[in-house]
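In the working numbering, the protein residues as written are 5 to 132. Where a beta carbon is used, it is the ideal one built from N, C-alpha and C, also for glycine.
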């Protein structure tokens, strides 16, 4: 299956029925193709792609958590709030390790906005 063609249908300018059908199809995306959903194609696709990721669930998305945390570099990016809330509400302690690593990465990159967003997540998850 050509996942990119289906992902392209997530463009928020497309017909709502086509977007909904694409979301259903992408709910069946293979584990090795999950990374294709992380900020795909253009910002016009990101909000709906984030919704697909949330529907898939954090447990299946563990292999792409590091990539998802990069989505939080700017909370104004489409889909960032959906990803943030999914990570915030996750009961998986594995996610905590990825969040801590992202905080280190944000410090190394001197990305203050990203670090602030990650620190907010650390505080809300009560990560020690």
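Between the beta-carbon of residue 87 and that of residue 129 there is about 14 angstroms, and that puts the pair past the 8 angstroms contact cut. As the crow flies, the alpha-carbon of residue 32 is around 19 angstroms from that of residue 20.
Secondary structure note for residue 95: it is in no alpha helix (DSSP H), with a DSSP letter that is neither H nor E.
Taking 8 angstroms as the cut-off, the Cβ atoms of residue 52 and residue 96 do not count as close.
Rounded to the nearest whole angstrom, the C-alpha separation of residue 29 and residue 110 is 34 angstroms.
Between the beta-carbon of residue 73 and that of residue 122 there is about 7 angstroms, and that keeps the pair under the 8 angstroms contact cut.
Residue range 116 to 129 is occupied by the alpha helix (DSSP H) that includes residue 129.
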